[in-house]
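Just so you know, the protein sequences line up as chains Y and S, in that order. Going by full-length UniProt numbering, 309 is the number at position 309 of the first sequence; the sequence numbering is gapless. Going by full-length UniProt numbering, 106 is the number at position 106 of the second sequence; the sequence numbering is gapless. Virtual Cβ for every residue (Gly too), placed ideally from N, Cα, C.
Number of protein chains: 2
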Amino acid sequence: MTATIVSPYTSDRVDTFSNLKCKECGAEYEAKAMHVCELCFGPLEVAYNYDAIAARVSRETIQAGPLSIWRYRDFLPVKTDNYIDVSTGMTPLIKANRLAKRLGIKNLYIKNDAVNMPTLSFKDRVVSVALSRARELGFTTVACASTGNLANSTAAIAAHAGLECCVFIPSDLEAGKVLGTTIYNPKVFAVHGNYDQVNRLCSEVANTHGWGFVNINLRPYYSEGSKTLGYEVIEQLGWKLPDHIVAPLASGSLFTKIYKGFNEFVKVGLVEGKPVRFSGAQAEGCSPIASAYKEGRDFITPVKPKTIAKSLAIGNPADGIYAIDIAHKTNGNIESVNDDEIIQAMKLLAETEGIFTETAGGTTIAVLKKLVEAGKIDPEETTVVYITGNGLKTQEAIQGYVGEPFLIEPKLDSFERALERSHTLERLEWQTVSV
Amino acid sequence: MTATIVSPYTSDRVDTFSNLKCKECGAEYEAKAMHVCELCFGPLEVAYNYDAIAARVSRETIQAGPLSIWRYRDFLPVKTDNYIDVSTGMTPLIKANRLAKRLGIKNLYIKNDAVNMPTLSFKDRVVSVALSRARELGFTTVACASTGNLANSTAAIAAHAGLECCVFIPSDLEAGKVLGTTIYNPKVFAVHGNYDQVNRLCSEVANTHGWGFVNINLRPYYSEGSKTLGYEVIEQLGWKLPDHIVAPLASGSLFTKIYKGFNEFVKVGLVEGKPVRFSGAQAEGCSPIASAYKEGRDFITPVKPKTIAKSLAIGNPADGIYAIDIAHKTNGNIESVNDDEIIQAMKLLAETEGIFTETAGGTTIAVLKKLVEAGKIDPEETTVVYITGNGLKTQEAIQGYVGEPFLIEPKLDSFERALERSHTLERLEWQTVSV
């Protein structure tokens, strides 16, 4: 799995991507399964030929494409036309009027990847790209280190594509995330440790077995899938950029790739450029990026996670410093919230917009609320909040914090008594009392 | 909430629907909130002006519409243009090659409403229509009697639309279905009894309170939403009818409305007519329709449900006799399967296609398998199977029946030992042993 520095890679198709390139020193590598620069240990990114993309794509060609991330195919690092399309992407962008009113702002949108296909998180985007690339690089076994959503997605899409699959997760994950992986019959290894330990183990395994780890040796391809969360928002806003986005921060990769996606669409002339503020959300129990941001540091001090937002519980985030840089240069913010605020925000989003998100989405909405209250979001700004996963996967986080049903007999008078009782309580009070 | 027989209802718009009409005696009623004929007690259905629809719609007008069920707006019983669009519908139609191969057939498609928006079941279709109609009929409180999915959907879409919501469910529902309702903060009444008892109680409540029960007094509008599962399949097959469909049977309504949808598209010239076989799926523990079908009866004998397929557990199905009639006249079948077959089918679908369905979907796949093995599905037929709900909602049904993770330490040698052990077991054996 080693790679050597080569002259620009030429493929049999006029490709819009060519090499991998070090984000730090600029060294170029053949587009194989590797993710770290051999010269400076910086992360590798896919390099594109934007002139070729600009010549090929237009709003019309994109709109004529499939109803999935593959409508942005020229911006994705896959050479074959035989990519894996499981209808991932093109999730709703919802004008959240009822939530906006509760918060006191005016132009709020929710980008809802809680209903992304097939496994109800944004990870289906990155995995669709990674497994398509894995297949064309010749891998027959794919793997991942995951906090849960990535495991679900890798196992499901590998099953659909007929690839062998090995999944590594921390052993304390939510039941829904474990079952949402094992149902697809991959090999699952539950590691007695936190995500950062899982990740380190997987780096070793990637070196000793010839497997394609979507978020390790395939990471340069994998992470590009998140750019589609930028493209779709532009297209769904009627080919306009928003004024402000709020997104969750785990490794920081999603945040940087939305930024990259926005800039690419400006670069090739699909949308007019303008400033967009980038704000990031972390849970207090695992907020190494928010801490560094607040303290004005340009380095991350790793932490041991302890939060209900397990899908964000990465104590040593690989792209944290890049996220901080983007928040600074776009005049954004990075904030953190505690577990109680996360739970209240999950409920707020559900009862105002009918969206049931997992704890990561609660974190993002709670940070949105905090930023609005601190005057850090202008009420007039077009603000897009990214909801990245579904609440059915983290049920234990809110069990006991939502209203319980009134238990009644199948008789009218039993119902009427319960209804009478519910009327005597204020709505929120009722919800609390009946817990 | 009473209604009188009227001359054909005229609205202020050239509407494609006008009255309600009794399915049995043909008596017509104003399009209000009512569902039973006052003359013969037959069920009421929405009556359309198909000439007006044919004059207005074409494949092009539909394709230019929104990416939701509302692209078929002229076939839906809503007058306002201010309908509730929460991106419901346009779920994937997946060519299921890996599952087809395992079963020994060739042209199999899965219509996957396990990823329907916003609450991951086909009920989002019927509720979107019912609440849009409820709002234009002036209701401010909406309600439902539900086996779970309908409760999720009614609560979520009512929250989004800002309608008050009351939900009635049997008290023994799966935890995911209860939490997937309470999170939206409706009033929930858990009835100590089965669905049929819940339903009878709700009929009484509908008569005493001025609420719009989506599946009782709004049922004629509500049930029309299921037709979109017919329309979408035609459009997604490239404007062709399939040869055979397999769908689950609870009340029987979904089955009859797919049939109605197919026939409507033929009637207005959107697709060429041809015979389509309709086969229905029930769980043995609640199979009043399958029993009547097998015994050649034209009436349903109610049963007390006892099955893990709780979303299909309707012991006294309102549209059962209509479903039997359709199966007969299309040369289809109605079959039932036991709980173990349901679980095995859930696993089969997941590991071949990467789709995690709830028990209802397991029932449908198990019946598909049974029909193929009995030679009742031709291997060459274009067969469409309807998956109607998501597996994350019925996790308890398969806990203990799927593989458990290997628990390892965060060290390479611990992983290697576990991997070694997994190699010594056959794949299926491994899954069984590790339970």
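Self-check item: Residues near K411/S by beta carbon distance below 6 angstroms, same chain, minus five either side
Solution: In the second sequence, the residue the question calls residue 411/S occupies position 411. Correct list: empty, nothing qualifies.
Quiz prompt | Rounded straight-line distance, which links the Cα of A418/S to that of E30/Y | solution = Along the first sequence, read from residue 1 onward, the residue named residue 30/Y stands at position 30. Along the second sequence, read from residue 1 onward, the residue named residue 418/S stands at position 418. Those two C-alpha atoms are separated by around 34 angstroms.
Quiz item: Taking C-alpha atoms, which residue in V129/S, T364/S, A175/S, G225/S lies nearest to V402/Y?
Solution: In the first sequence, counting from the first residue as 1, residue 402/Y sits at position 402. Distances from the alpha-carbon of V402/Y to those of V129/S, T364/S, A175/S, G225/S put A175/S closest.
Quiz item: Run through DSSP, which three-state label would H328/S get?
Solution: Stepping through the second sequence from its first residue, residue 328/S is reached at position 328. Helix at H328/S.
Self-check item: Contact set between the stretch 98-115 of chain Y and chain S, restricted to residues whose Cβ is under 9 angstroms from the partner
Solution: Listed in sequence order: R98, N112, A114, V115.
Self-check item: Paired residues, beta bridge with K111/S - DSSP
Solution: Position 111 of the second sequence, counting from 1, holds the residue named residue 111/S. Beta-bridge pairing links K111/S to L93/S, Y386/S.
Practice problem: Please determine if the stretch 317-330 of chain Y and the stretch 248-260 of chain Y are in contact, where contact requires at least 3 C-beta pairs separated by less than 8 angstroms. | Solution: Flag = yes, the stretch 317-330 of chain Y and the stretch 248-260 of chain Y touch.
Quiz item: Is there a Cβ from chain Y that is less than 7 angstroms from the Cβ of S422/S?
Solution: For the purposes of this step, residue 422/S is identified with residue 422 of the second sequence, where counting begins at 1. Yes, contact with chain Y.
Practice problem: Tell me, please, which residues DSSP counts as bridged to F356/S. | Solution: Working through the second sequence from its first residue, we reach residue 356/S at position 356. BP columns for F356/S are empty, so no partner.
Quiz item: R133/S: buried (16+ other C-beta within 10 angstroms of its C-beta) or exposed?
Solution: Indexing the second sequence from 1 puts residue 133/S at position 133. The residue in question, R133/S, is buried, as its Cβ has 16 or more Cβ neighbours within 10 Å.
Quiz item: So which residues of chain Y does E409/S contact, with C-beta pairs closer than 8 angstroms?
Solution: In the second sequence, the residue the question calls residue 409/S occupies position 409. Neighbours of E409/S on chain Y, chain order: V191, H192, G193.
Practice problem: Just the chain S side, please: which residues come within less than 7 angstroms of N316/Y by C-beta, in chain order? | Solution: For the purposes of this step, residue 316/Y is identified with residue 316 of the first sequence, where counting begins at 1. Close to N316/Y, with beta-carbon spacing below 7 angstroms, lies no residue of chain S; the smallest spacing is near 14 angstroms.
Self-check item: Start-to-end residues for the beta strand (DSSP E) that takes in S128/S
Solution: For the purposes of this step, residue 128/S is taken as the residue at position 128 of the second sequence. Per DSSP, S128/S belongs to no beta strand (DSSP E); it is in the alpha helix (DSSP H), 123-136.
Quiz item: Is it a yes or a no for the stretch 169-188 of chain Y touching the stretch 272-292 of chain Y, going by three-plus beta-carbon pairs under 8 angstroms?
Solution: No, the stretch 169-188 of chain Y is not in contact with the stretch 272-292 of chain Y.
Exercise. Could you spell out the range, first to last residue, of the alpha helix (DSSP H) harbouring I63/Y?
Key: Your numbering for residue 63/Y matches position 63 in the first sequence. Correcting the residue type first, residue 63/Y is Gln in the shown sequence and not Ile. Bounds of the alpha helix (DSSP H) holding Q63/Y are 59-63.
Quiz item: Using 7 angstroms as the limit for Cβ to Cβ distance, is A156/S near chain Y?
Solution: Your numbering for residue 156/S matches position 156 in the second sequence. Yes, A156/S counts as interfacial toward chain Y.
Practice problem: Using only alpha-carbon positions, find the residue among N263/Y, I69/Y, V36/Y, F168/Y that is nearest to T330/Y. | Solution: Counting from 1 along the first sequence, the entry for residue 330/Y is found at position 330. Considering only N263/Y, I69/Y, V36/Y, F168/Y, the residue with the shortest C-alpha distance to T330/Y is N263/Y.
Quiz item: Is it right to say N333/Y is buried, meaning 16 or more other beta carbons lie within 10 angstroms of its own, or is it exposed?
Solution: What you label residue 333/Y is simply residue 333 of the first sequence in a count that begins at 1. It is buried - the Cβ of N333/Y has at least 16 other Cβ atoms within 10 Å.
Quiz item: Excluding the five sequence neighbours on either side, which residues of its own chain have a C-beta within less than 7 angstroms of the C-beta of P379/Y, listed in chain order?
Solution: Residue mapping note: residue 379/Y aligns to position 379 of the first sequence, counting from 1. Excluding residues within five positions, the ones whose Cβ falls inside 7 angstroms are G104, I105, K106.
Quiz item: Since V142/S and A158/S are thought to touch, with beta carbons under 8 angstroms apart, how far apart are those beta carbons, to the nearest angstrom?
Solution: Residue mapping note: residue 142/S aligns to position 142 of the second sequence, counting from 1. Residue mapping note: residue 158/S aligns to position 158 of the second sequence, counting from 1. Contact holds; Cβ gap of about 5 angstroms.
Quiz item: Since T357/S and L99/S are thought to touch, with beta carbons under 8 angstroms apart, how far apart are those beta carbons, to the nearest angstrom?
Solution: In the second sequence, residue 357/S corresponds to position 357, counting from 1. In the second sequence, residue 99/S corresponds to position 99, counting from 1. Approximately 12 angstroms separates the beta-carbon atoms of T357/S and L99/S; this is outside 8 angstroms, ruling out the contact.
Exercise. Less than 8 angstroms between the CB atoms is what I'm expecting for C202/Y and A151/Y, so what's the real figure, rounded?
Key: As a working mapping, residue 202/Y is identified with position 202 in the first sequence. As a working mapping, residue 151/Y is identified with position 151 in the first sequence. Cβ atoms of C202/Y and A151/Y stay farther apart than 8 angstroms, at about 12 angstroms.
Self-check item: S114/S and I387/S closer than 7 angstroms at C-beta
Solution: For the purposes of this step, residue 114/S is taken as the residue at position 114 of the second sequence. For the purposes of this step, residue 387/S is taken as the residue at position 387 of the second sequence. Per the sequence shown, the amino acid found at residue 114/S is Ala instead of Ser. Going by C-beta atoms, A114/S is nearer than 7 angstroms to I387/S.
Quiz item: Got a sec: is the Cβ-Cβ distance from V435/S to anything in chain Y below 7 angstroms?
Solution: Residue mapping note: residue 435/S aligns to position 435 of the second sequence, counting from 1. Since pLDDT at V435/S reaches only 29, below the 50 mark, its modelled position is unreliable, and the value read off the structure follows with that caveat. For V435/S, the answer is no, since every Cβ of chain Y falls outside 7 angstroms of its Cβ.
Exercise. Give a yes or no on whether the minimum CB-CB distance between S87/Y and chain S is below 7 angstroms.
Key: Sequence index remark: in the first sequence, residue 87/Y carries index 87 (1-based). Yes, its Cβ sits closer than 7 angstroms to a Cβ of chain S.
Practice problem: Determine, using beta carbons only, whether P305/S and A313/S come nearer to each other than 7 angstroms. | Solution: Position 305 of the second sequence, counted from the start, is the residue given in the question as residue 305/S. Position 313 of the second sequence, counted from the start, is the residue given in the question as residue 313/S. In terms of Cβ geometry, P305/S and A313/S form a close pair [threshold 7 angstroms].
Quiz item: Where does A130/S land, buried or exposed, given buried means 16+ other C-beta within 10 angstroms?
Solution: Residue mapping note: residue 130/S aligns to position 130 of the second sequence, counting from 1. Buried, because 16 or more other Cβ atoms sit within 10 Å of the Cβ of A130/S.
Quiz item: Roughly how many angstroms lie between the CA atoms of N215/Y and P43/Y, to the nearest whole one?
Solution: Residue 215/Y sits at position 215 when you count from the first residue of the first sequence. Residue 43/Y sits at position 43 when you count from the first residue of the first sequence. Using only the alpha carbons, I get a separation of about 12 angstroms.
Self-check item: Contact set for residue 436/Y: own chain, Cβ-Cβ below 6 angstroms, skip 5 residues either direction
Solution: Residue 436/Y cannot be examined here, being either before or after the span of chain Y that is shown, 1 to 435.
Quiz item: Which chain S residues are close to K187/Y, counting only those with a beta carbon under 7 angstroms from its beta carbon?
Solution: Reading the first sequence from its first residue, position 187 is the one you call residue 187/Y. Near K187/Y (Cβ distances below 7 angstroms), the residues of chain S are S422.
Quiz item: Between which two residues does the beta strand (DSSP E) containing A313/Y stretch?
Solution: On the first sequence, residue 313/Y is found 313 positions in, with the first residue counted as 1. A313/Y -> no beta strand (DSSP E), and no H or E assigned at all.
Self-check item: Bounding residues of the alpha helix (DSSP H) (the contiguous stretch that carries A374/Y)
Solution: For this step, residue 374/Y is matched to residue 374 along the first sequence. Going by DSSP, A374/Y is part of no alpha helix (DSSP H) at all; its letter is neither H nor E.
Practice problem: Starting from the C-beta of K187/S, find all residues in its chain whose C-beta is less than 6 angstroms away, skip the five residues before and the five after it, and write them out in chain order. | Solution: Within the second sequence, numbered from 1, the residue matching residue 187/S stands at position 187. Only C166 meet the Cβ criterion.
Practice problem: Quick one: grab the DSSP three-state call for E295/Y. | Solution: In the first sequence, counting from the first residue as 1, residue 295/Y sits at position 295. Here E295/Y sits in coil by DSSP.
Exercise. Please confirm if E351/S has its CB atom under 7 angstroms from at least one CB of chain Y.
Key: Start at 1 with the first residue of the second sequence, and residue 351/S comes out as number 351. Cβ-Cβ to chain Y under 7 angstroms: yes for E351/S.
Quiz item: Using the beta-carbon count (16 or more within 10 Å), is F17/Y buried or exposed?
Solution: For the purposes of this step, residue 17/Y is taken as residue 17 along the first sequence, with counting starting at 1. The Cβ neighbour count for F17/Y, taken over all protein chains shown within 10 Å, is at least 16; the residue is labelled buried.
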